[in-house]
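Residue numbering for the sequence shown follows numbering that gives the first Met the number 0, starting at 0 and increasing by one per position.
Just so it is clear, CB atoms sit at the ideal spot from N, CA and C, and this is done for glycine as well.
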Amino acid sequence: MRSSSILLCNSRNTLDYWFRSRNYLIVRYTLGRNIVSIDTFIAEIENRKKNDLADLDKKLNDKKSETEGKKNSAVKELKENYANEAKTKAEREGARIVEAGKLEAKKILFDAINKNLDSTFDVIKKELEGYSKKPEYKKVLQKLVDYSKKVLAKKIIIHCRDEDKASFKDKDIKIGSTIQTLGGFIAENTEGTKEIDLTFEELLRNNEDEIKNTILEKIL
């Protein structure tokens with residue numbers, strides 16, 4: 000059989016083959032374009048992934064830097080607060096020690112002053128005891144009698160030392176009990192409702208603050 004006869008006999012197959020061949024080329028061409036598009040798409044995805052990773056790394060680094068900055072700031076603040084607190088405590092403790100030292104110094108000073116005052120009062124008492132033996136003591140007693148009559152009544156009762164009883168010769172004065180004192184006396188009205196203590200000891204106690212202030216002014 001001739002080839003022409005075969006081609007003719009298989010003309011349908013030939014056309015089919017022709018169409019198939021053309022369609023195959025079209026399919027391959029289309030598929031090739033799709034393959035190129037897919038490669039491009041994959042490359043784009045890869046680029047996006049790289050960019051996203053880069054952005055993520057940047058964000059992480061920024062966040063890390065921010066966190067590190069906050070941490071350093073917090074640590075610095077804590078150190079400053081601790082330093083300030085420690086400084087404040089140290090200053091407070093120093094002030095307390097200084098104040099305690101001042102108080103101790105004052106205590107020592109006042110103890111010394113009080114000892115001197117006690118000694119001074121002992122000296123004053125001895126002076127008063129000696130004074131009660133002097134002639135002018137009787138004049139003092141008369142002044143105390145006049146004061147007692149003015150405060151209590153015209154007629155009074157006097158309690159005094161035994162050695163002083165002879166000094167009271169006024170008819171309006173009644174001698175009462177004997178008392179132990181450096182000098183002076185205790186007077187009361189005849190009804191016994193009012194009394195005044197004019198002994199040297201009581202006079203000294205009543206004027207103690209004034210005497211101390213006078214002494215302190217001279218010492219300090």
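Am I right that residue i and residue j are in contact with their C-beta atoms under 8 Å? What's the rounded C-beta distance?
i	j	result
D196	I185	5 Å
I173	I156	According to the sequence provided, residue 173 is Lys. The question's Ile does not apply to it. The Cβ separation is near 5 Å, so the contact holds.
L151	K193	5 Å
D171	K154	5 Å
L203	I123	7 Å
Helix, strand or coil: how does DSSP classify residue i here?
i	result
F184	strand
S131	coil
F167	coil
N206	coil
For residue i, write down the residues that DSSP places opposite it in a beta bridge.
i	result
E194	E187
I155	I172, N188
T177	C159
Just mark residue i as buried or exposed, buried being the case when its beta carbon has 16 or more other beta carbons within 10 Å.
i	result
T198	buried
G182	buried
L102	exposed
T180	buried
At the 8 Å Cβ level, is residue i part of the contact set with chain B, yes or no?
i	result
E90	Judged by its chain identifiers, the structure shown contains no chain B, having just a single protein chain.
Looking at C-alpha atoms only, which residue of the options is the closest neighbour of residue i?
i	options	result
K133	I155, D163, D145	D163
D169	E84, T180, S147	S147
T213	F120, K125, E201	F120
N188	K78, H158, G93	H158
D145	F167, E135, G129, E128	F167
G191	G175, R95, N206	G175
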